[in-house]
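**Student:** Count along the sequence shown from 1, then add 330; that gives the number in our numbering. Glycine residues also receive a C-beta, built at the ideal position from the N, C-alpha and C atoms. A quick note: this is a predicted structure, and the numbers were derived from the prediction, not measured.
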Amino acid sequence: KAKNPLSFDEKVGFMKKMFPKTNVHSSHTVKNVLDAAKHLQAKGVTHGTLVAGSDRVDEFHNLLSKYNKNPSDADYDPKKHFHIPHLTVISAGHRDPDAEGVEGMSASKMRAHAASGNFNEFKKGVPNKEHAQAMYDTLRNRMGIKEDLDEQSGGLLNTTGTRTDQEIRTMKTDRLHDKIDKKLNLS
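(1) Out of curiosity, what's the CA-to-CA distance linking Asp426 and Ser438?
(2) Please report the Cβ distance between Lys399 and Tyr406, rounded to the nearest whole angstrom; I am assuming they are in contact, meaning their Cβ atoms lie under 8 Å.
(3) Whose CA, out of Asn353, Leu370, Thr359, Ala442, lies closest to the CA of Phe338?
(4) From what residue to what residue does the alpha helix (DSSP H) around Gly343 run?
(5) Along the alpha helix (DSSP H) that carries Ser446, what are the first and last residues, could you check?
(6) Look at the alpha carbon of Pro415 and the alpha carbon of His377, and state the distance between them as a whole number of angstroms.
(7) Going along the chain, which residues of its own chain have a beta-carbon closer than 7 Å to the beta-carbon of Gln371, five neighbours each way excluded?
(8) With a 10 Å radius around its C-beta and 16 neighbouring C-beta atoms as the bar for buried, classify Asn334 as buried or exposed.
(9) Where Ser421 and Gly447 are concerned, what is the direct C-alpha to C-alpha distance, given to the nearest angstrom?
(10) Looking at Ser356: is its Cβ nearer than 8 Å to the Cβ of Val342?
(11) My assumption, with CB atoms under 8 Å, is that Val419 sits in contact with His391. Please give the rounded CB distance.
(12) Under a Cβ-count criterion, where at least 16 other Cβ atoms within 10 Å of its own Cβ denotes burial, should Lys373 be classed as buried or exposed?
(13) Does DSSP put Asn471 in a helix, in a strand, or in coil?
(14) Taking only runs that begin and end inside the segment 373-411, name each unbroken alpha helix (DSSP H) of 4 or more residues, in chain order.
See the structure below:
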């Protein structure tokens with residue numbers, strides 16, 4: 331679950347919140363792009379466009395071309411093929427994985443920001459900031475990340491929003507230094 335910590339229903343729920351004007355259709359039987367194509371064909375769709383990351387356009391184009399067959403073709407198998415006559419794959423635009431900010435954002439970076447407790451950076455990659463905290467908290471929970479207790483106040487660090495990430499890092503660093511000093515009998 332490390333790569334996909336959120337459940338199907340959680341992903342759909344966040345998509346609906348992030349893009350409230352978009353018709354987000356969900357079906358537990360649609361597990362991948364080929365299932366989606368078959369599902370759309372069953373609904374009578376004849377024109378479709380898949381928008382993919384620039385690094386995956388060729389991969390999706392080749393995959394869909396392999397399984398998009400006319401039912402009159404001799405090797406057409408309705409269990410593995412679909413037929414959408416006008417199906418294209420286009421790029422969502424070039425993304426530089428080394429770029430800072432939104433331009434370089436990826437799901438891997440978002441998970442890394444959540445794992446490290448860096449809400450401010452995580453929030454930059456969320457299209458609808460109103461739901462960023464809920465997504466961040468849910469993601470951290472599904473990743474099995476437990477919050478550290480603040481020894482001074484007994485409260486939770488980071489999820490309450492009462493301390494900045496920098497304050498939390500400083501407190502953790504100070505506690506680590508105290509532990510090291512004790513081990514080395516410097517205190």
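**Tutor:** Checking against the coordinates, here is how it stands:
(1) Rounded to whole angstroms, the gap between the alpha carbons of Asp426 and Ser438 is 14 Å.
(2) That belief holds up - the Cβ atoms of Lys399 and Tyr406 are roughly 5 Å apart, short of 8 Å.
(3) Closest by alpha carbon: Thr359.
(4) Looking at the DSSP string, the run of the alpha helix (DSSP H) that includes Gly343 is 338-348.
(5) Going by DSSP, Ser446 is part of the alpha helix (DSSP H) stretching over 437-446.
(6) In a straight line, the C-alpha of Pro415 is about 7 Å away from that of His377.
(7) Here the set comprises Phe412, His413, Ile414.
(8) Answer is exposed; the Cβ neighbour count stays below 16.
(9) Rounded to whole angstroms, Ser421 to Gly447 spans 32 Å at the Cα level.
(10) When the beta-carbon positions are compared, Ser356 and Val342 come within less than 8 Å of each other.
(11) Contact flag correct, Cβ pair sits at about 4 Å.
(12) With fewer than 16 Cβ atoms within 10 Å of its Cβ, Lys373 is classed as exposed.
(13) Helix.
(14) For the segment 373-411, whole alpha helix (DSSP H) runs of length 4 or above, ordered along the chain, are 387-397.
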